[in-house]
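A.B. asks: Note that the numbering used here numbers the sequence shown so that position 258 is 246, with each residue one more than the last. Cβ coordinates follow ideal geometry from the N, Cα and C atoms, glycine included. Quantities reported herein were computed from a predicted structural model and do not represent experimental measurements.
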Amino acid sequence: MNQLLKPNTYKSGPDSAGRFGGFGGRYVAETLMPLILEVEAAYAKAKADPTFDAEWRRLLKDYVGRPSPLWSAERITEHCRASAEPGKGAKVYFKRDELNHTGAHKINAVLGQILLAKRMGKKRIIAETGAGQHGVATATACALFNLPCTVFMGATDVERQQPNVFRMKLLGAEVIAVTSGAATLKDAMNEALRHWVANVEDTYYCIGTVAGPHPYPMMVRDFQSVIGEETRVQMQEAEGRLPDVLVAAIGGGSNAMGLFYPFLDDPSVRMLGVEAGGHGVDTPEHAASLTGGRPGVLHGNRTYLLQDENGQILEGHSISAGLDYPGVGPEHSWLHELGRVEYVNATDKEALDAFQLCSKLEGIIPALEPAHALAHVLKVAPTLPAETLIVMNMCGRGDKDIFTVAGHLGVKL
Ligand SMILES: *Cc1c(COP(=O)(O)O)cnc(C)c1O
-11 MNQLLKPNTY KSGPDSAGRF GGFGGRYVAE TLMPLILEVE AAYAKAKADP
39 TFDAEWRRLL KDYVGRPSPL WSAERITEHC RASAEPGKGA KVYFKRDELN
89 HTGAHKINAV LGQILLAKRM GKKRIIAETG AGQHGVATAT ACALFNLPCT
139 VFMGATDVER QQPNVFRMKL LGAEVIAVTS GAATLKDAMN EALRHWVANV
189 EDTYYCIGTV AGPHPYPMMV RDFQSVIGEE TRVQMQEAEG RLPDVLVAAI
239 GGGSNAMGLF YPFLDDPSVR MLGVEAGGHG VDTPEHAASL TGGRPGVLHG
289 NRTYLLQDEN GQILEGHSIS AGLDYPGVGP EHSWLHELGR VEYVNATDKE
339 ALDAFQLCSK LEGIIPALEP AHALAHVLKV APTLPAETLI VMNMCGRGDK
389 DIFTVAGHLG VKL
């Protein structure tokens, strides 16, 4: 599959039209086009300006708490070796982005985008959110920079995610419950795009993952790449070499792109993206867009989507509200077709088991999203030689998920 590209050019995307091979682009209404082009030009200018980078990195260090540690998960490693043949059982590391302020990786790209919005002279920020993590990160940055913030959230999600709705309000944001469609993330993003068109002059749209029209997938990836860049340096310090395998959970795909991107042109590094298998990818109840979907256009880009025979977008299902987006970032679709990244999946049940195991063995309660990544680590690590180095992105902490998990375990809180 890899013959489609010359070696070592996987980091080359996107082209000037925002395309990653046949994916990405900007499929937007004509009224939105000037906005997208304005963001693209402003981002190109900011990227070339060292003071922009310096300000963003200062915030990452002093406000977010970066660099996040690279943790040798010894008890998880031991656990995997216990069931492996002699000489097998990879060494597992966690990249600990759950220690970031607000508890996940989202803040990395939010701060970059809010700094950009300020440079563009924008006076208010809008965002979409599903589980509420991106909404909370955006509301946090808006509080810090004294910018009014409006978060669009599906009415179904508003019901399901009350603690995050309350957090956003405490942080001073306005939360708008979107009732169209299934009233979940897809609909919230549609509504945010509509609202943006109607409020062009003063508003910046802060997108939460590597989706949306160009330049968002590239821009969010660039900001999240701090995860992989740090991992490179930290692994060099810990082991004196590159990791062998990277593993990350895929919702829209931003934490995964952030970990993978700096290593894409290192052929020895194998990459595994773990989609939400829900009740199983052979049932309708999952959110594995790459495994179970096909290409189509949604939210301004062409990518793999969960859809029926008529091209109607299907609702994704996952135990994890952060993974049930029915699409995936276009760069992942491209890397999937090229065969550079392997996309696999873990079920609700497997994630729930990994969630509990990680809590007991490492003293780290993971978010349900990285629990999917861990579930896959638990499958592959025992099959790999003991000298193999795996880095898994622990992209969020599990405090937000304890009610869901308690419910599934039959515990009343
Ligand atoms: C939002 C979120 C995700 C899913 O988003 P990606 O863009 O795929 O990273 C995964 N994990 C956590 C902890 C999240 O908050």
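Report the rounded CA-to-CA distance for S306 versus H274, giving the unit in angstroms.
C.D. replies: Rounded to the nearest angstrom, the two C-alpha atoms are 6 Å apart.
A.B. asks: Count the other CB atoms within 10 Å of the CB of A34; is the residue buried (16 or more) or exposed (fewer)?
C.D. replies: So A34 counts as buried.
A.B. asks: If you measure from each CB to the nearest heavy atom of ligand 1 and keep those under 5 Å, what residues do you get, in chain order?
C.D. replies: Here the list is A92, Q121, T197, G239, G240, G241, S242, N243, G310, A355, E357, C383 and G384.
A.B. asks: Considering only the alpha carbon of each residue, which of E330, R84 and A170 lies closest to Q222?
C.D. replies: The shortest C-alpha separation from Q222 is found at R84.
A.B. asks: Could you pull out every unbroken beta strand (DSSP E) segment of at least 3 residues lying fully inside the segment 155 to 216, listed in chain order?
C.D. replies: 162 to 166 and 191 to 194, all fully within the segment 155 to 216.
A.B. asks: When you compare the CB positions of V365 and P231, do they come within less than 8 Å of one another, or not?
C.D. replies: No, these two residues do not count as a Cβ contact at 8 Å.
A.B. asks: Just confirm the distance between the C-beta atoms of P205 and P318, as a whole number of angstroms; I'd bet it's less than 8 Å.
C.D. replies: 6 Å between Cβ atoms; contact.
A.B. asks: Identify which residue in V235, T219 and L234 has its Cα closest to the Cα of G228.
C.D. replies: Minimum Cα distance to G228 is reached at T219.
A.B. asks: Mapping the DSSP letters down to three states, classify I307 as helix, strand or coil.
C.D. replies: Three-state result, I307: coil.
A.B. asks: Does the segment 110 to 118 come within contact of the segment 179 to 196, defined as at least 3 CB pairs closer than 8 Å?
C.D. replies: Contact between the segment 110 to 118 and the segment 179 to 196 is present, because at least three Cβ pairs lie under 8 Å.
A.B. asks: Would you call the CB atoms of I238 and V214 closer than 8 Å?
C.D. replies: No, the Cβ-Cβ distance between I238 and V214 is not below 8 Å.
A.B. asks: Helix, strand or coil: which one does DSSP assign to E319?
C.D. replies: The answer is helix: DSSP assigns E319 an H, G or I state.
A.B. asks: CB A186 to CB T167, shorter than 8 Å?
C.D. replies: Against a cut-off of 8 Å, the Cβ pair of T167 and A186 comes out as no contact.
A.B. asks: Would you decide whether A394 is buried or exposed? Buried here means 16 or more other CB atoms lie within 10 Å of its CB.
C.D. replies: Answer is exposed; the Cβ neighbour count stays below 16.
A.B. asks: Given a cut-off of 8 Å on the beta-carbon distance, is the pair A180 and G310 in contact?
C.D. replies: Going by C-beta atoms, A180 is not nearer than 8 Å to G310.
A.B. asks: Spatial neighbours of M(-11) within its chain, please: C-beta separation below 7 Å, excluding the five flanking residues on both sides.
C.D. replies: Note that M(-11) scores 41 on pLDDT, short of 50, meaning its location in the model is unreliable and no value can be drawn from it.
A.B. asks: Does the separation of the CB atoms of S308 and Y292 fall below 8 Å?
C.D. replies: No, these two residues do not count as a Cβ contact at 8 Å.
A.B. asks: Closest by CA to P203, which one among N(-4), D41, S0 and S4?
C.D. replies: Considering only alpha carbons, the answer is S4.
A.B. asks: Give every residue of the same chain whose Cβ lies closer than 8 Å to the Cβ of W322, excluding the five residues on either side of it in the sequence, and list them in chain order.
C.D. replies: Only G1, F8, G9, G10, F11 and G12 meet the Cβ criterion.
A.B. asks: Count the other CB atoms, across all protein chains shown, that sit within 10 Å of the CB of D387; report buried if there are 16 or more and exposed otherwise.
C.D. replies: With fewer than 16 other Cβ atoms within 10 Å, it is exposed.
A.B. asks: If you draw a straight line from the alpha carbon of V153 to that of C137, how long is it in whole angstroms?
C.D. replies: Distance between the alpha carbons of V153 and C137 is about 13 Å.
A.B. asks: With distance defined between alpha-carbon atoms, name the residue in L294, N289, F211 and V163 nearest to R282.
C.D. replies: Residue L294 is the option with its Cα nearest to R282.
A.B. asks: Quick check on Q149: does DSSP put it in helix, strand or coil?
C.D. replies: Note: Q149 maps to coil in three-state DSSP.
A.B. asks: Would you report the Cα separation of I164 and F140, rounded to the nearest angstrom?
C.D. replies: The alpha-carbon atoms of I164 and F140 are separated by roughly 5 Å.
A.B. asks: When we look at the beta-carbon of A78 and count the other beta-carbons within 10 Å, is it buried (16 or more) or exposed?
C.D. replies: Answer is buried; the Cβ neighbour count reaches 16.
A.B. asks: Mind pulling the alpha helix (DSSP H) runs of 4 or more residues that sit fully within the segment 342 to 382?
C.D. replies: Listed in chain order, the complete alpha helix (DSSP H) runs (minimum 4 residues) inside the segment 342 to 382 are 356 to 368.
A.B. asks: Quick one: using the 10 Å Cβ neighbour count with 16 as the cut-off for buried, is T19 buried or exposed?
C.D. replies: Per the 10 Å Cβ criterion, exposed.
A.B. asks: Once DSSP output is grouped into helix, strand and coil, what is the label at E218?
C.D. replies: Three-state result, E218: helix.
A.B. asks: Going by DSSP, name the residue or residues bridged to M141.
C.D. replies: Answer by DSSP bridge pairing, in chain order: T117 and A165.
A.B. asks: Can you give me the Cβ contacts of E303 inside the same chain, cut-off strictly under 6 Å, excluding the 5 residues immediately before and after it?
C.D. replies: So the list reads A170, once near-sequence residues are dropped.
A.B. asks: Can you pull the DSSP bridge partners for M259?
C.D. replies: According to DSSP, which records beta bridges pairwise, M259 is partnered with L234.
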